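Trainee:
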Amino acid sequence: MRVLGIDPGLRNMGWGVIDMVGSRLGHVANGICQSKGQDLAERLLSLHQQLSDIFHTYQPDQAAVENTFVNKDGAGTLKLGQARGIAMLVPAQFGVPVGEYAPNQVKKTIVGVGHADKVQIQHMVKMQLPGVVLNGADAADALAIAMCHAHFARGNAAALKIKVGV
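For the sequence shown, the tail end lands on 166 under this note's numbering, and the numbers increase by one without skipping.
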């Protein structure tokens, strides 16, 4: 199974692709989509085009997106939500199911604690994907989101086998 993790952001949208074979995870690629344009519509279109190119290139079977973190800046949260909408829309256009994860859930799954910082996330991503070269903190976060999804997908598959009797 190939998973694309997406860390939504209006300025920088991190992405990371991993392959899961049994319980083994392997790094495929990671990067950052940087929005271009002056107004919001142009920036969202830019993110849509770049993320669509990633889907064409890597053809993931599943996608995972981090839920929006709500803060005191309502306008900033709304803009982040619009970028997250792009992160949800593109997989849907490609017929790819999308898992959604809270930031603390991703951190707890990857690091072991729900309030880990970016340095801890990067360290654990490097530990679990040996040899990976991270293209920035947002790309590391996206790989962590993909790894979190793989972890829960593996658990769901095992539960399904038990229920079905496979």
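Each residue gets a CB set at the ideal place from its N, CA and C atoms; glycine is no exception.
These numbers were taken from a predicted model, which means no experiment stands behind them.
With a 10 Å radius around its C-beta and 16 neighbouring C-beta atoms as the bar for buried, classify residue 130 as buried or exposed.
Mentor: Here residue 130 is taken as the residue at index 130 of the sequence shown, counted from 1. With fewer than 16 other Cβ atoms within 10 Å, it is exposed.
Trainee: Using 8 Å for Cβ pairs, my map puts residue 150 next to residue 25. What's the rounded Cβ distance?
Mentor: Here residue 150 refers to the residue found at position 150 when the sequence shown is read from its first residue. Here residue 25 refers to the residue found at position 25 when the sequence shown is read from its first residue. Correct: roughly 6 Å between the Cβ atoms.
Trainee: Within 10 Å of its beta-carbon, does residue 8 have 16 or more other beta-carbons around it, so buried, or fewer, so exposed?
Mentor: Reading the sequence shown from its first residue, position 8 is the one you call residue 8. The residue in question, residue 8, is buried, as its Cβ has 16 or more Cβ neighbours within 10 Å.
Trainee: Does the stretch 32-48 touch the stretch 130-142, meaning 3 or more C-beta pairs lie closer than 8 Å?
Mentor: Output reads yes: the stretch 32-48 touches the stretch 130-142.
Trainee: Under the three-state reduction of DSSP, which class applies to residue 59: helix, strand or coil?
Mentor: The residue given as residue 59 occupies position 59 in the sequence shown. Three-state result, residue 59: coil.
Trainee: Residue 83 and residue 65 - do their beta-carbons sit closer together than 7 Å?
Mentor: For the purposes of this step, residue 65 is taken as residue 65 along the sequence shown, with counting starting at 1. For the purposes of this step, residue 83 is taken as residue 83 along the sequence shown, with counting starting at 1. Result no, Cβ atoms of residue 65 and residue 83 do not sit closer than 7 Å.
Trainee: Please state the DSSP three-state secondary structure of residue 81.
Mentor: To locate residue 81, count along the sequence shown from 1; it is residue 81. In the structure shown, residue 81 sits in a helix (DSSP, three-state: H, G or I).
Trainee: With C-beta atoms as the reference, is residue 116 less than 7 Å away from residue 107?
Mentor: In the sequence shown, counting from the first residue as 1, residue 116 sits at position 116. In the sequence shown, counting from the first residue as 1, residue 107 sits at position 107. Yes, the pair counts as a contact, with Cβ atoms nearer than the cut-off.
Trainee: Could you check how far apart the C-beta atoms of residue 98 and residue 153 are, in whole angstroms? I think they sit under 8 Å.
Mentor: Locating residue 98 in the sequence shown gives position 98, counting from the first residue. Locating residue 153 in the sequence shown gives position 153, counting from the first residue. Between residue 153 and residue 98 the Cβ distance is about 12 Å, and since that is not below 8 Å, they are no contact.
Trainee: Less than 6 Å between C-beta atoms, sequence neighbours within five positions excluded: which residues of the same chain meet that for residue 124?
Mentor: In the sequence shown, counting from the first residue as 1, residue 124 sits at position 124. The residues are 110 and 111.
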